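Residue numbers (the working numbering): 12 to 96.
Given below as structure tokens:
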């Protein structure tokens, strides 16, 4: 609940991706179990904003994304975004 209130969108999405990677799949490459609408609902945002932020992460080289398959490329940077976002 605290994360929902105090983080910006990038921090919320980075936090979500790291949670799936570290706590659910124990791997940096995984099939995202939620669609963009579900992620948006989870973090309290819109589908469009989630899609744009994920595309920004791809453009910045932080993740690769093919459909639901996601690979975290720059984990240290995502952790910083999650922590300070």
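All C-beta atoms, glycine included, are put in the ideal place defined by N, C-alpha and C. Note that this is a predicted model, so its numbers are computed, not measured.
Note that the region 49-63 does not touch the region 72-89; fewer than 3 beta-carbon pairs, one per stretch, sit closer than 8 angstroms.
DSSP, read as helix, strand or coil, puts residue 63 in helix.
Bridge partners of residue 68 according to DSSP: none are assigned. The beta carbon of residue 47 sits closer than 7 angstroms to those of 58, 61 and 62, all from its chain and outside the five residues before and after it, given in chain order. Taking the Cα positions, residue 90 is about 9 angstroms away from residue 22.
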